[in-house]
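My numbering applies: residue 3 is where the sequence shown begins, and numbers increase by one.
To start, the structure itself, in structure tokens.
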Amino acid sequence: MPTASTRTYVIGDLQGCHAETVTLVEAILARERQLEQAPPAILFCGDLINRGPDSLSTLRYVQALSQGSGGRIDAVLGNHDLHLLAVANGIRPESGSDTLDTILAAPDRDALLHWLRHRPMALFTAGHLLVHGGVLPQWDAPQTMALAGEVEGALRSEQWTGFLAEMYGNLPDRWDDDLRGAARLRCIVNALTRMRFCTADGVMDFKMKESATVDPATGLMPWFDVPGRRTAEVTVVFGHWSALGLQLRDNYIALDSGCVWGGQLSAVCLEDRSLLQVECPEFRRAKGKG
């Protein structure tokens with residue numbers, strides 16, 4: 003009989019696709035029971051909500067899983083999750099593509115938002131660094147975790163709404179260890195939750211959203227392809243980039259396989275790179291995805 007051990011699964015962007023989330027989580031649990039393993043750790047790589055058909059049920063489901071797991075189940079924050087916190091506090095208006103109304107009107111809204119803003123910006127487990135968006139090439143894994151902790155501290159402080167009010171903007175678009183205050187935190191948030199392309203020296207681009215490739219003449223490249231990036235010795239796991247799709251490489255795993263756009267919701271077991279997927283209806287047309 004195999005010895006029971008805890009294995010870790012990471013799931014890509016949910017974006018309010020509740021039924022598909024439940025189906026995939028139940029498939030993971032059933033698989034681990036069949037293999038006579040201990041209950042698995044399950045980590046979500048951000049964007050739990052928005053764009054899909056049932057953001058409220060999705061958020062409630064992941065919150066309940068997390069709170070009942072003894073720390074085995076958690077989620078990092080994505081740009082849509084931060085957007086919800088900003089909208090709920092009157093800092094940003096809802097956009098035409100948002101599906102946040104049911105959360106904003108829910109009787110347990112405050113508890114859900116409290117849980118959400120206490121989620122991590124990054125996680126590190128078994129040689130894997132989990133973020134929503136990307137990691138600047140100048141950062142190694144320990145620095146990434148430390149910088150993520152700075153943002154987490156701001157979100158969990160009594161002045162957290164003030165942080166949200168100063169979080170938006172595309173500048174500074176490059177890292178400098180001397181950055182301080184709101185500019186420093188904004189740069190960290192943009193890298194961890196929004197970045198797809200950057201230059202070889204780490205200047206971030208936020209215009210390219212619907213492509214997995216870019217004209218080399220621009221000087222841009224996917225952040226994970228930057229020569230000499232300092233996280234090359236660990237495996238970075240991320241979502242956010244549905245145009246890129248599912249990618250399983252030696253030192254990165256891209257997990258946004260376009261659930262809300264009619265693709266799949268994907269989970270990867272970190273121990274053996276095995277893949278579980280659920281097919282998804284096209285809840286949103288591809289225009290404006292991100």
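We put the beta carbon where it would ideally sit given N, CA and C, even for glycine.
Do you know offhand how far residue i's Cα is from residue j's?
{"i": "residue 4", "j": "residue 40", "result": "Here residue 4 scores only 40 on pLDDT, less than 50, and its place in the model is too uncertain to base an answer on."}
{"i": "residue 128", "j": "residue 112", "result": "33 Å"}
{"i": "residue 147", "j": "residue 117", "result": "20 Å"}
{"i": "residue 50", "j": "residue 156", "result": "21 Å"}
{"i": "residue 43", "j": "residue 34", "result": "11 Å"}
{"i": "residue 190", "j": "residue 150", "result": "7 Å"}
{"i": "residue 197", "j": "residue 222", "result": "12 Å"}
{"i": "residue 291", "j": "residue 274", "result": "For residue 291, the predicted model reports a pLDDT of 46, less than 50, meaning its position is unreliable and no value from the coordinates is stated."}
{"i": "residue 109", "j": "residue 62", "result": "12 Å"}
{"i": "residue 281", "j": "residue 264", "result": "8 Å"}
{"i": "residue 183", "j": "residue 13", "result": "33 Å"}
{"i": "residue 286", "j": "residue 102", "result": "15 Å"}
{"i": "residue 88", "j": "residue 279", "result": "31 Å"}
{"i": "residue 29", "j": "residue 99", "result": "30 Å"}
{"i": "residue 244", "j": "residue 271", "result": "20 Å"}
{"i": "residue 177", "j": "residue 226", "result": "16 Å"}
{"i": "residue 219", "j": "residue 230", "result": "20 Å"}
{"i": "residue 259", "j": "residue 224", "result": "17 Å"}
{"i": "residue 277", "j": "residue 132", "result": "17 Å"}
{"i": "residue 185", "j": "residue 141", "result": "17 Å"}
{"i": "residue 1", "j": "residue 104", "result": "Absent from the model: residue 1. The displayed extent of the chain is 3 to 292, so no value can be given."}
For residue i, count neighbouring C-beta atoms within 10 Å of its own C-beta (all shown protein chains included) and say buried if the count is 16 or more, exposed if not.
{"i": "residue 179", "result": "exposed"}
{"i": "residue 57", "result": "buried"}
{"i": "residue 22", "result": "buried"}
{"i": "residue 213", "result": "exposed"}
{"i": "residue 289", "result": "Since pLDDT at residue 289 reaches only 47, below the 50 mark, its modelled position is unreliable, and no value is offered."}
{"i": "residue 72", "result": "exposed"}
{"i": "residue 65", "result": "buried"}
{"i": "residue 95", "result": "exposed"}
{"i": "residue 203", "result": "exposed"}
{"i": "residue 159", "result": "exposed"}
{"i": "residue 17", "result": "buried"}
{"i": "residue 97", "result": "exposed"}
{"i": "residue 122", "result": "buried"}
{"i": "residue 7", "result": "exposed"}
Return the Cβ separation of residue i and residue j in integer angstroms, given the expectation that the two are a contact with Cβ distance under 8 Å.
{"i": "residue 192", "j": "residue 210", "result": "Residue 192 to residue 210, Cβ: 14 Å. No contact."}
{"i": "residue 81", "j": "residue 195", "result": "4 Å"}
{"i": "residue 139", "j": "residue 228", "result": "4 Å"}
{"i": "residue 90", "j": "residue 106", "result": "6 Å"}
{"i": "residue 19", "j": "residue 267", "result": "6 Å"}
{"i": "residue 67", "j": "residue 269", "result": "About 13 Å separates the two Cβ atoms, so there is no contact after all."}
{"i": "residue 233", "j": "residue 137", "result": "5 Å"}
{"i": "residue 262", "j": "residue 130", "result": "Actually they are not in contact, since the Cβ atoms of residue 262 and residue 130 sit about 24 Å apart, beyond 8 Å."}
Exercise. Can you give, in chain order, each stretch of the beta strand (DSSP E) that sits fully within the region 7 to 89 and has at least 3 residues?
Worked result: 10 to 13, 43 to 46, 75 to 77
Problem set entry | Any alpha helix (DSSP H) of 4 or more consecutive residues that is wholly inside the region 178 to 226 | 183 to 195
For this session: Would you mind listing the alpha helix (DSSP H) stretches within the region 92 to 121 that are 4+ residues and don't spill past its ends, in chain order?
Result: 103 to 106, 111 to 119
Problem set entry | Whole beta strand (DSSP E) elements within the region 225 to 249, 3-residue minimum | 237 to 240
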